[in-house]
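Trainee: Here our numbering is used: the first residue of the sequence shown is 991, the next is one more, and so on. All C-beta atoms in this analysis are idealised placements derived from N, C-alpha and C, irrespective of residue type, glycine included. Sharing a structure below in structure tokens format, with a few things to ask.
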Amino acid sequence: MQNENTSLPPKTCSIEKLVTMESDVKKVLAGEKTATRRNGRYADPGEIMTLEGCQFVVEHVYSQSLGELTDDDARREGHPTVEEYKQSILSYHPGMPWLPQMRVWVHEFRPVEE
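Printed below as a string of structure tokens:
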């Protein structure tokens, strides 16, 4: 994954909007959520996200189709299974189709060590 920045398209949003829902912020702060998926690219690898004074560094950013999601991916999102993750997303976005071929941007992050 070296030089992954060189192959990434421009960001479509800013890192401040990467994790905004209070329930998700709590999961990140508790260490239960280490990735988030968005329909656009919100961060570059190496960028710092700050939540309630705690810093997290974005380690990887890549594209994935919804059909490729595994339960491991769902757990990194803070949900036990893909089905529970899917229901959570659809509750946030009423009317959104869940299409296996639909692509999203995965942003994986970890706490910044003091």
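1) Can you check which of these residues, 1094, 1075, 1061, 1015, is closest to residue 1032 by C-alpha distance?
2) Does DSSP classify residue 1052 as helix, strand or coil?
3) For the beta strand (DSSP E) containing residue 1073, list its first residue and its last residue.
4) For residue 1019, which residues in the same chain have their Cβ closer than 8 angstroms to its Cβ, ignoring the five residues on either side in sequence?
5) Would residue 1068 be called buried (16 or more neighbouring beta carbons within 10 Å of its own) or exposed?
6) Identify the residues that DSSP records as bridge partners of residue 1091: which are they?
7) If you run the structure through DSSP and keep just helix, strand and coil, what is residue 1019?
8) What does a CB cutoff of less than 6 angstroms around residue 1098 pick up in its chain, not counting 5 residues either side in sequence?
9) Straight-line CA distance for residue 1009 to residue 997?
Mentor: Taking the geometry as given:
1) Within the sequence shown, numbered from 1, the residue matching residue 1032 stands at position 42. The option with the nearest alpha carbon to residue 1032 is 1094.
2) Walking along the sequence shown from the start, residue 1052 turns up at place 62. Strand.
3) Residue mapping note: residue 1073 aligns to position 83 of the sequence shown, counting from 1. No beta strand (DSSP E) contains residue 1073, which is instead part of the alpha helix (DSSP H) from 1072-1082.
4) To locate residue 1019, count along the sequence shown from 1; it is residue 29. Once the five neighbours on either side are set aside, the close Cβ partners of residue 1019 are 1041, 1042, 1044.
5) For the purposes of this step, residue 1068 is taken as residue 78 along the sequence shown, with counting starting at 1. So residue 1068 ends up on the buried side.
6) The residue you call residue 1091 lines up with position 101 of the sequence shown. Beta-bridge pairing links residue 1091 to no other residue.
7) Taking the sequence shown and counting its residues from 1, the one referred to as residue 1019 is at position 29. If DSSP states are grouped into helix, strand and coil, residue 1019 belongs with the helices.
8) Taking the first residue of the sequence shown as 1, we reach residue 1098 at position 108. Excluding positions up to five away in sequence, the list reads 1025, 1049, 1050.
9) By 1-based counting over the sequence shown, the position of residue 1009 is 19. By 1-based counting over the sequence shown, the position of residue 997 is 7. If I take the Cα positions, the gap works out to 24 angstroms.
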